[in-house]
Amino acid sequence: MYHTLILVGNVGKDPDMRYTPTGQPVTSFSVATNRQYTANNGEKVKETIWFRVTTWGKQAEVCNQYVKKGSKVLVEGRLTVDPATGGPRVWTPEGGSPRASFEVTANTVQFLSPRTEGDGGGGDSGSGSFVGAPEDDIPF
14 MYHTLILVGN VGKDPDMRYT PTGQPVTSFS VATNRQYTAN NGEKVKETIW
64 FRVTTWGKQA EVCNQYVKKG SKVLVEGRLT VDPATGGPRV WTPEGGSPRA
114 SFEVTANTVQ FLSPRTEGDG GGGDSGSGSF VGAPEDDIPF
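Following the numbering used here from start to finish, the sequence shown increments by one per residue and tops out at 153.
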């Protein structure tokens, strides 16, 4: 059996890079996807779903360097479920209502936003693809 999830959306905040105890780089960032449709009653509905994306190895280093808040990215990967529930990770923030996080382990990240001068690029598309994700569990 096999599943692949493809997301195209905007990065919600700058990535967070850390290292496993064995020295493997891991970078995480959030991606918002948007959908608009018209409900049966004629009302326009806007829907946003957030995903937490995790990248590993060389891909983690590249994403940490080039992915920025507001960047448009295409992520291809697999949905990572909560082992306790078999679904999204669910938590309740202090004094708040329950929330869920859809988590994706990326196999490929493509940069869809043009590079800016601060990224060392000119006016080209800045599109790039990086592959690789280990089978290890996320260490947090």
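Backbone N, C-alpha and C define an ideal beta-carbon position, used for all residues, glycine too. For clarity, every value in this text was computed on a predicted model and none was experimentally measured.
For Ala113, same chain residues with a beta-carbon under 6 Å away, outside a window of 5 residues either side, are Pro101, Val103 in chain order. In this structure, Gly83 keeps its C-beta atom at 8 Å or more from the C-beta atom of Val44.
For Ser41, the number of other beta carbons within 10 angstroms of its own is at least 16, and it is reported as buried.
For Lys81, there is no enclosing alpha helix (DSSP H), as DSSP marks it with neither H nor E. Gly99 is not a Cβ neighbour of Val117, given a cutoff of 8 Å.
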